[in-house]
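Residue numbers (this note's numbering): 17 to 151.
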């Protein structure tokens, strides 16, 4: 049983660290750049008295999801060391299941939504559509 607990804990730990790296080094910076481009577009349209309502709505959606992703990333980053410092492998495996996996799901949800909103040229990874239909 101890071996199974250790295998599970190590697997989730690797996945959580990969999520942290991907979110902090690829997804969130790409979304920040995209939201900056959107903000510039809104400002340019408003400067010539053009309707920027669609761009504003998209910018608001992106910013809400970016804030959710950032908060979920911070939560995951703060809880992972606590779980990794546990002495009992059984308790650690249960903590990964009960604490870290939900944090990972909370981070994945806004990132998945952002993938559908952010321009494909800016998105740092292949999209699900690319993987399904372009490979």
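Heads up, the beta-carbon is just placed ideally off N, CA and C, and yes, glycines get one too.
A quick note: this is a predicted structure, and the numbers were derived from the prediction, not measured.
Residue i, enclosing alpha helix (DSSP H) - first and last residue
{"i": "residue 118", "result": "117-133"}
{"i": "residue 113", "result": "Residue 113 -> no alpha helix (DSSP H), and no H or E assigned at all."}
{"i": "residue 94", "result": "69-100"}
{"i": "residue 43", "result": "Residue 43 -> no alpha helix (DSSP H), and no H or E assigned at all."}
Best match in the options for proximity to residue i [C-alpha to C-alpha]
{"i": "residue 51", "options": "32, 61, 115, 72", "result": "72"}
{"i": "residue 40", "options": "25, 53, 82", "result": "82"}
{"i": "residue 125", "options": "80, 70, 74", "result": "80"}
{"i": "residue 77", "options": "127, 140, 37", "result": "127"}
Cβ-based burial, residue i [other Cβ within 10 Å; buried from 16]
{"i": "residue 142", "result": "exposed"}
{"i": "residue 14", "result": "Outside the displayed span of the chain (17 to 151) sits residue 14, for which this structure offers no information."}
{"i": "residue 90", "result": "exposed"}
{"i": "residue 123", "result": "buried"}
{"i": "residue 68", "result": "buried"}
{"i": "residue 120", "result": "buried"}
{"i": "residue 153", "result": "In the structure as shown, the chain starts at 17 and stops at 151, and residue 153 therefore has no counterpart that could be examined."}
Assumed close pair residue i, residue j - CB separation to whole angstroms, cut-off 8 Å
{"i": "residue 46", "j": "residue 134", "result": "7 Å"}
{"i": "residue 63", "j": "residue 130", "result": "About 27 Å separates the two Cβ atoms, so there is no contact after all."}
{"i": "residue 112", "j": "residue 28", "result": "4 Å"}
{"i": "residue 74", "j": "residue 35", "result": "About 25 Å separates the two Cβ atoms, so there is no contact after all."}
Close-in-space but distant-in-sequence residues of the same chain around residue i (CB under 7 Å, 5 per side omitted)
{"i": "residue 96", "result": "32, 116"}
{"i": "residue 138", "result": "46, 49, 50"}
Residues of its chain near residue i, where Cβ-Cβ distance is below 8 Å and the 5 sequence neighbours each way are ignored
{"i": "residue 108", "result": "21, 25, 99, 100, 102"}
Chain-order list of residues whose beta-carbon lies under 6 Å from that of residue i (same chain, five-residue window excluded)
{"i": "residue 106", "result": "21"}
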